[in-house]
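J.:
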Amino acid sequence: MASNGEKQSGTKPPPPPSPLRNSKFFQSNMRILITGGAGFIGSHLVDRLMENEKNEVIVVDNYFTGSKDNLRKWIGHPRFELIRHDVTEPLLIEVDQIYHLACPASPIFYKHNPVKTIKTNVMGTLNMLGLAKRVGARILLTSTSEVYGDPLVHPQPETYWGNVNPIGVRSCYDEGKRVAETLMFDYHRQHGIEIRVARIFNTYGPRMNIDDGRVVSNFIAQALRDEPLTVQAPGTQTRSFCFVSDMLINPDVKIISVENTPDDPRQRKPDITSAKELLGWEPKVKLREGLPLMEEDFRLRLGVPKK
Ligand SMILES: NC(=O)c1ccc[n+]([C@@H]2O[C@H](COP(=O)([O-])OP(=O)(O)OC[C@H]3O[C@@H](n4cnc5c(N)ncnc54)[C@H](O)[C@@H]3O)[C@@H](O)[C@H]2O)c1
Ligand SMILES: O=c1ccn([C@@H]2O[C@H](COP(=O)(O)OP(=O)(O)O[C@H]3OC[C@@H](O)[C@H](O)[C@H]3O)[C@@H](O)[C@H]2O)c(=O)[nH]1
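Residue numbers for the sequence shown follow UniProt numbering, so the first one is 1 and each next one is one higher.
#1: Just to check my reading of the structure: I41 and L101 have Cβ atoms closer than 8 Å, yes? What is that Cβ distance to the nearest angstrom?
#2: Suppose contacts are defined by Cβ-Cβ distances below 7 Å. Is P104 in contact with T65 by that definition?
#3: At a cut-off of 6 Å, would you count residue 313 as near ligand 1, judging by its Cβ distance to the nearest heavy atom?
#4: Kindly indicate which three-state DSSP category D61 falls into: helix, strand or coil?
#5: Need the endpoints of the beta strand (DSSP E) that residue 309 sits in, please.
#6: Going along the chain, which residues of its own chain have a beta-carbon closer than 6 Å to the beta-carbon of A198, five neighbours each way excluded?
#7: With 16 as the cutoff for other CB atoms within 10 Å, does V115 come out buried or exposed?
#8: Of the residues R170, G36 and I32, which one's Cα is nearest the Cα of I108?
#9: By the DSSP assignment, the beta strand (DSSP E) with T35 in it spans what residues?
#10: Are there 16 or more other CB atoms within 10 angstroms of the CB of F26, so buried, or fewer, so exposed?
#11: To the nearest whole angstrom, what separates the beta carbons of G176 and N218, a pair I think is in contact under 8 Å?
#12: Spatial neighbours of R266 within its chain, please: C-beta separation below 8 Å, excluding the five flanking residues on both sides.
#13: Nearest-angstrom Cα distance between T117 and D174?
#14: For M208, which residues of its own chain have a beta-carbon under 6 Å away from its beta-carbon, when the five flanking residues on both sides are left out?
#15: Can you give the Cα-Cα distance for K54 and P206, rounded to whole angstroms?
#16: Can you name, in chain order, every residue of its own chain whose Cβ lies under 8 Å from the Cβ of S43, other than the five neighbours on each side?
#17: Indicate, with yes or no, if ligand 2 has a heavy atom lying under 6 Å from the CB of R214.
#18: Taking the Cβ atom as the reference point for each residue, do E81 and I58 lie within a distance shorter than 7 Å?
#19: Can you have a look at E259 and say buried or exposed, based on whether 16 or more other CB atoms are within 10 angstroms of its CB?
#20: Name the residue from E181, P13, E146 and R299 whose alpha carbon lies nearest to the alpha carbon of residue 313.
#21: Considering only C-alpha positions, which residue in the set V304, L152 and R79 is nearest to A223?
#22: Are N113 and V87 closer than 7 Å when you measure CB to CB?
#23: Apart from the five residues on each side of it in sequence, which residues of its chain come closer than 8 Å, Cβ to Cβ, to E296?
#24: Are there any heavy atoms of ligand 1 lying less than 6 Å away from the beta-carbon of A105, as far as the coordinates show?
#25: Say the cut is 6 Å; is the CB of S43 nearer than that to a heavy atom of ligand 2?
#26: Answer with buried or exposed for K12, where buried requires no fewer than 16 other C-beta atoms within 10 angstroms of its C-beta.
#27: Could you tell me which residues DSSP pairs with H100 in its beta bridges?
#28: CB I34 to CB Y110, shorter than 7 Å?
#29: Along the chain, where does the beta strand (DSSP E) containing E158 start, and where does it finish?
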């Protein structure tokens with residue numbers, strides 16, 4: 001009888017969820033997908049979500065910049081699954097929430113294969129939105145301060161549209177993330193998908209790839225390896241943290257000026273008024289507290305004891 005109905009209407013209704021699935025909903029379990037979960041931020045997010053015993057966490061990652069090592073404490077856990085998968089390919093999986101992080105974040109990595117970076121941002125986000133639409137999942141995109149490009153407004157509020165070079169060497173990431181944001185909002189407007197977009201600013205901490213290439217990890221690793229600190233010219237650029245000379249690893253450390261790449265934002269600082277008012281969010285860990293934690297983690301991994 002159902003098949004007759006299908007033929008007449010031409011559309012096939014989705015199958016009902018399995019009884020087991022229904023019972024899981026009843027217990028308010030959440031099955032959560034994290035793309036890029038083997039990376040720096042993703043693996044910290046996994047730790048956080050796994051703390052709730054009602055969550056099942058599924059990580060998909062192609063290990064371009066991430067590593068299984070970041071997730072070693074969860075491998076084999078009954079509420080955890082790890083899948084090698086590239087988000088530029090479609091993924092069919094039943095989940096309730098999606099945290100879409102997959103994308104290299106460090107400029108040296110995202111510039112390494114710019115076409116792949118764009119594909120990851122555009123096709124990867126399309127695939128994840130398609131999945132969210134199909135299964136009715138809420139989806140969060142980790143966007144970036146780089147959507148503001150080299151900003152002309154300081155500090156940057158969410159309403160600022162940015163100053164981005166569309167054809168430069170950073171565009172694969174900046175414009176890729178801008179398209180990813182557009183896709184998120186279009187899927188929301190057109191298909192009613194529940195979305196979240198977080199524009200993250202330069203984030204540092206333990207477990208960051210030692211050779212990630214970003215300024216905080218570079219300076220800590222260089223100082224621990226007794227190498228000069230590479231300050232990319234002109235050296236007056238700002239980010240939303242203080243300059244790393246605050247760090248007291250080796251007071252005699254040498255500082256050298258090295259060439260920079262084009263379009264490096266000169267000044268960047270978020271206006272967090274809305275985040276404070278709407279989400280009650282503001283950063284708690286001061287750079288002076290955070291850097292020693294990262295130093296400790298890098299010392300352990302590089303085998304450099306404290307003098
Ligand atoms: N760390 C920051 O300062 C920062 C700032 C702004 C935005 N973000 C965003 O947050 C997210 C995570 O950043 P992170 O610092 O943890 O970077 P990361 O490089 O440590 O993690 C990215 C993860 O995505 C995976 N990945 C990359 N391309 C993939 C693909 N095509 N398919 C599947 N997996 C893929 C990598 O292997 C890695 O595990 C990224 O989307 C990044 O753009 C980070
Ligand atoms: O060894 C280094 C590395 C970097 N730098 C400088 O430090 C500044 C910060 O550069 P980073 O490589 O840490 O990264 P950026 O802040 O430009 O962007 C990065 O972090 C913020 C996120 O929004 C982006 O996802 C990510 O690309 C730049 O001005 C860069 O020129 C150095 O002086 N020396």
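Beta carbons: idealized from backbone N, C-alpha and C, even for Gly. This structure is a prediction, so every number in the text was calculated from the model and none was measured.
T.: Checking against the coordinates, here is how it stands:
#1: For the purposes of this step, residue 41 is identified with residue 41 of the sequence shown, where counting begins at 1. For the purposes of this step, residue 101 is identified with residue 101 of the sequence shown, where counting begins at 1. With a Cβ gap of about 6 Å, I41 and L101 count as contacting.
#2: In the sequence shown, counting from the first residue as 1, residue 104 sits at position 104. In the sequence shown, counting from the first residue as 1, residue 65 sits at position 65. Remark: C-beta atoms of P104 and T65 approach each other more closely than 7 Å.
#3: Only positions 1 to 307 of the chain appear in this structure, which leaves residue 313 out of reach.
#4: Translated into positions along the sequence shown, residue 61 becomes position 61. The three-state secondary structure of D61, taken from DSSP, is strand.
#5: There is no way to answer for residue 309, as the model of the chain reaches only from 1 to 307.
#6: Residue 198 sits at position 198 when you count from the first residue of the sequence shown. Shown here for A198: same chain residues with a beta carbon closer than 6 Å to its own, the five before and five after excluded, namely T142 in chain order.
#7: The residue given as residue 115 occupies position 115 in the sequence shown. Here V115 is exposed, its C-beta having fewer than 16 other C-beta atoms within 10 Å.
#8: Within the sequence shown, residue 108 is the residue found at index 108, counting from 1. Cα-wise, what sits closest to I108 is R170.
#9: The residue you call residue 35 lines up with position 35 of the sequence shown. Looking at the DSSP string, the run of the beta strand (DSSP E) that includes T35 is M30 to T35.
#10: On the sequence shown, residue 26 is found 26 positions in, with the first residue counted as 1. Reliability of the predicted coordinates at F26 is poor, the pLDDT of 46 falling under 50, and the value obtained from them is presented with this limitation in mind. Answer is exposed; the Cβ neighbour count stays below 16.
#11: Counted from its first residue, the sequence shown places residue 176 at position 176. Counted from its first residue, the sequence shown places residue 218 at position 218. Actually they do not touch by this definition, with Cβ atoms about 23 Å apart.
#12: One-based indexing of the sequence shown puts residue 266 at position 266. Correct list, in chain order: D150, T236, Q237 and T238.
#13: For the purposes of this step, residue 117 is identified with residue 117 of the sequence shown, where counting begins at 1. For the purposes of this step, residue 174 is identified with residue 174 of the sequence shown, where counting begins at 1. Answer to the nearest angstrom: the Cα atoms are 10 Å apart.
#14: For the purposes of this step, residue 208 is identified with residue 208 of the sequence shown, where counting begins at 1. For M208, the CB contacts under 6 Å within the same chain, skipping 5 residues up- and downstream, are F40 and S217 in chain order.
#15: For the purposes of this step, residue 54 is taken as residue 54 along the sequence shown, with counting starting at 1. For the purposes of this step, residue 206 is taken as residue 206 along the sequence shown, with counting starting at 1. Taking the straight line from one Cα to the other gives about 27 Å.
#16: As a position in the sequence shown, residue 43 is number 43, starting the count at 1. Excluding residues within five positions, the ones whose Cβ falls inside 8 Å are G37, G66, N70, L71 and R207.
#17: Locating residue 214 in the sequence shown gives position 214, where the first residue counts as 1. Within the cutoff, so yes.
#18: Sequence index remark: in the sequence shown, residue 81 carries index 81 (1-based). Sequence index remark: in the sequence shown, residue 58 carries index 58 (1-based). Closer than 7 Å, so yes.
#19: Taking the first residue of the sequence shown as 1, we reach residue 259 at position 259. The residue is exposed, with fewer than 16 neighbouring Cβ atoms inside 10 Å.
#20: Absent from the model: residue 313. The displayed extent of the chain is 1 to 307, so no value can be given.
#21: Residue mapping note: residue 223 aligns to position 223 of the sequence shown, counting from 1. Nearest of V304, L152 and R79 to A223, Cα basis: V304.
#22: In the sequence shown, counting from the first residue as 1, residue 113 sits at position 113. In the sequence shown, counting from the first residue as 1, residue 87 sits at position 87. Result no, Cβ atoms of N113 and V87 do not sit closer than 7 Å.
#23: Counting from one through the sequence shown, the residue named residue 296 turns up at place 296. If you ignore the 5 residues before and after E296, its C-beta comes within less than 8 Å of the C-beta of P206, all in its own chain and listed in chain order.
#24: The sequence position of residue 105 within the sequence shown is 105, counting from 1. Yes, since a heavy atom of ligand 1 falls inside the 6 Å radius drawn around the Cβ of A105.
#25: Locating residue 43 in the sequence shown gives position 43, where the first residue counts as 1. It does not: the Cβ of S43 is nowhere closer than 6 Å to a heavy atom of ligand 2.
#26: Here residue 12 corresponds to residue number 12 of the sequence shown, with the count starting at 1. With fewer than 16 other Cβ atoms within 10 Å, it is exposed.
#27: Taking the sequence shown and counting its residues from 1, one reaches residue 100 at position 100. In the DSSP output, where bridge partners are listed per residue, H100 has T35 and L141.
#28: If you number the sequence shown from 1, residue 34 lands on position 34. If you number the sequence shown from 1, residue 110 lands on position 110. No, the Cβ-Cβ distance between I34 and Y110 is not below 7 Å.
#29: In the sequence shown, residue 158 corresponds to position 158, counting from 1. Neither: E158 is in no beta strand (DSSP E) and is coded neither H nor E.
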